[in-house]
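Report on the following structure.
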Amino acid sequence: MKLATWNVNSLAVRLPQLLDWLQANPVDAIVLQETKLTDDKFPHAEIEAAGYAVQWFGQKTYNGVALLSRGEATDTQRNIPGFDDPSARVIAGTVGDVRVIGGYFPNGQAPGSDKFAYKMRWLEALRLWLTDEMSRHTKLALLGDFNIAPEDRDVYDPVAWAGQIHCTDEERAHFRALVGLGLHDAFRLFEQPPKSWSWWDYRNLAFRRNQGLRIDHILVSEALKPRVTACAIDKLPRKNERPSDHAPVVVTLDNGA
DNA sequence: ATGACTCCCAGTGGGAGA
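Those letters in the first sequence? Residues -8 to 248, per this note's numbering, in order.
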């Protein structure tokens, strides 16, 4: 079983690349972030024609998430229950025997800003909800654009980024708190190439210089951990013409037998 | 270097992203 996450930075622009990628990389489920489409404009027919069931949840201009799966997702959920949120950031569903939760975590803009305070509140609400979800689903994966670089080794220039957005102690504490619920960073279950990033700024030839951050993650529950056989970032789509600034992350699980 | 690029909605400029 393969699960993936990709911040596509506008599905209207990236749909052809998504369909190409899915053809080359068949997955059981993938969560998308920053679709930037209202629900009436979501290209579900094209996705269904490619062989995927799809759940979507969006808004105009910003945010927007989707869950594509080979079989229909059940028990679906949009955003965090009980957390009043004007942004479309979460989509969850059960795919096979796995609870799949896709999230587009708030950016936070800058420490001390209103958006940073919102990011903190959002992360707190997510953790409380996840506690509940994990009590009902032992096999659970949390995937998405976390907008947090968990450690200095996830940052191309940790000195320049020290205390900056994505790298603050508060954000990293929230990441560790998620891990503390009994989740595991699937990427770090394996030896990985140094300087592995999932995002590169569009500016400054950052991709060519491999100046990026690892902010897109897949966390798996204790019950799924022994089934994880691989986890990788696919840099290939970042080399496309008009690429997203993020690359997909893919986790492979055995069948659990 | 308060930059750089890309996307969006706007409508020939500006916000947001990260």
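From the three backbone atoms N, C-alpha and C, an ideal C-beta is built for every residue, glycine too.
Open item on the list: For a minimum of 3 consecutive residues, which ranges assigned as the beta strand (DSSP E) are wholly contained in the segment 180 to 215?
Closed with: Those beta strand (DSSP E) runs which fall completely within the segment 180 to 215 and span 3+ residues are 207 to 212.
- [ ] Determine the contact status of GLY62 and VAL86, defining contact as a CB-CB distance below 8 Å.
- [x] Taking 8 Å as the cut-off, the Cβ atoms of GLY62 and VAL86 count as close.
Open item on the list: I believe ALA151 touches SER189 by the beta-carbon criterion, under 8 Å. Please report the beta-carbon distance rounded to the nearest angstrom.
Closed with: That pair is no contact at about 18 Å.
Open item on the list: Just list the residues that DSSP pairs GLN68 with in beta bridges.
Closed with: Per the DSSP secondary-structure output, GLN68 pairs in a beta bridge with ALA83.
Open item on the list: Between which two residues does the alpha helix (DSSP H) holding ILE38 run?
Closed with: First-last of the alpha helix (DSSP H) with ILE38: 35 to 40.
TODO: Within 10 angstroms of the Cβ of LEU227, are there 16 or more other Cβ atoms? Answer buried if so, exposed if not.
DONE: With fewer than 16 other beta carbons inside 10 angstroms of its own, LEU227 counts as exposed.
TODO: Report the option in PHE96, ALA64, THR65 whose CA atom is closest to the CA atom of ILE71.
DONE: Closest option to ILE71, Cα to Cα, is PHE96.
Task: DSSP beta-bridge partners of TYR95 - done: For TYR95, which the question treats as bridged, DSSP gives the partners ASP136.
TODO: May I have a chain-ordered list of the beta strand (DSSP E) segments no shorter than 3 residues that lie completely inside the segment 146 to 180?
DONE: DSSP runs (the beta strand (DSSP E)) wholly in the segment 146 to 180: 174 to 176.
- [ ] Confirm, please, whether the CB-CB distance from LEU134 to ILE209 is below 8 Å.
- [x] Going by C-beta atoms, ILE209 is nearer than 8 Å to LEU134.
Task: Assigned secondary structure, THR122 (DSSP; H/G/I helix, E/B strand, else coil) - done: Helix, per DSSP.
Task: Rounded straight-line distance, which links the Cα of GLN24 to that of VAL56 - done: Their backbone Cα atoms lie some 5 Å apart in a straight line.
Open item on the list: Please list the terminal residues of the continuous alpha helix (DSSP H) segment that includes ALA101.
Closed with: Neither: ALA101 is in no alpha helix (DSSP H) and is coded neither H nor E.
Task: CA-to-CA distance, GLU37 to SER1, given in whole angstroms - done: GLU37 has its alpha-carbon roughly 15 Å from the corresponding atom of SER1.
Open item on the list: When you compare the CB positions of LYS(-7) and ASP19, do they come within less than 8 Å of one another, or not?
Closed with: LYS(-7) places its beta carbon less than 8 Å from that of ASP19.
- [ ] For the alpha helix (DSSP H) containing GLN50, list its first residue and its last residue.
- [x] Note, GLN50: premise wrong, no alpha helix (DSSP H); not H, not E.
Task: ALA20 - containing alpha helix (DSSP H), residue span - done: Run containing ALA20: none in the alpha helix (DSSP H); it sits in the beta strand (DSSP E), 20 to 24.
- [ ] Look up TRP(-3) in the DSSP assignment and give the residues it is bridged to.
- [x] BP columns for TRP(-3) point to LEU23.
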